Amino acid sequence: MPSRSTFRDGLLEHGDTLLALHPDRIARDTADLLTVAKRVVVKGAVLKIIDPGITFDGTDIMAEAMLTLFGMIGRIEKHFLKARQRRGIDAAKAKGIYKGRPATIEPTKVHELRAQGMGASDIAKRLKIGRASVYRLLAT
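At position 100 of the sequence shown (counting the first as 1) the number is 93 in my numbering, and the numbers step up by one without a gap.
Printed below as a string of structure tokens:
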């Protein structure tokens, strides 16, 4: 899977320091964090993370271990955050408080246009929706 990081190493030059407040501000997961760190080092620059105080220049195995550790901690933290969010949404739905985002597409309209012989692309253009949405609704 390609890196999803917004980091662009073309802006770094030899001797520069890439400064970040937390590891999760640089990358979404451990693998991406290590990739970014190694790309910084290849450019001859240094990655410095303020909290938890890691300086990575490619020479210290402990700094790499710390990056890995904090990358994993960030991923675990994100997992628990999503789980709590899901539980909260489920509880709100059970109480009838949370109804979700209102539907913007009428499934019956998609099915009617399909019954008239229109293709998915034409239906999407007519209703001003994405073609993937058309396919998803036709599958139901």
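Note that the Cβ used here is the ideal one computed from N, Cα and C, for glycine as well. Please read all numbers here as calculations on a predicted model, not as lab measurements.
Please confirm whether residue i and residue j have their CB atoms less than 9 Å apart.
i: A38; j: T10; result: yes
i: A30; j: E70; result: no
i: I43; j: I19; result: no
i: R124; j: A108; result: no
i: H34; j: D50; result: According to the sequence displayed, residue 34 carries Val and not His. Yes.
Assuming residue i and residue j are in contact, meaning their beta carbons sit under 8 Å apart, how far apart are those beta carbons, in whole angstroms?
i: T23; j: M65; result: 5 Å
i: L120; j: I98; result: 7 Å
Going by alpha carbons, who is nearest to residue i out of the options?
i: R32; options: E6, G46, R77 and I54; result: E6
i: G46; options: G89, G67, A13 and V34; result: A13
i: T101; options: G93, I116, A87 and Y91; result: I116
i: R68; options: D83, L26 and A96; result: L26
i: L106; options: A76, I54 and Y128; result: Y128
i: R15; options: K75, G81, L40 and L4; result: A small fix is needed here, since residue 15 is His in this sequence, not Arg. Comparing Cα positions, the closest option is L40.
i: G8; options: K36, T28 and R21; result: K36
i: H72; options: D53, R21 and G89; result: R21
Quick check on DSSP: helix, strand or coil for residue i?
i: K36; result: coil
i: A125; result: helix
i: L5; result: coil
i: T23; result: helix
i: I43; result: coil
i: I90; result: coil
i: M55; result: helix
i: I66; result: helix
i: Q78; result: helix
i: A105; result: In the sequence as displayed, the identity of residue 105 is Glu instead of Ala. Helix, per DSSP.
On the DSSP bridge assignment, give the partners of residue i in chain order.
i: A13; result: I42
i: F49; result: L40
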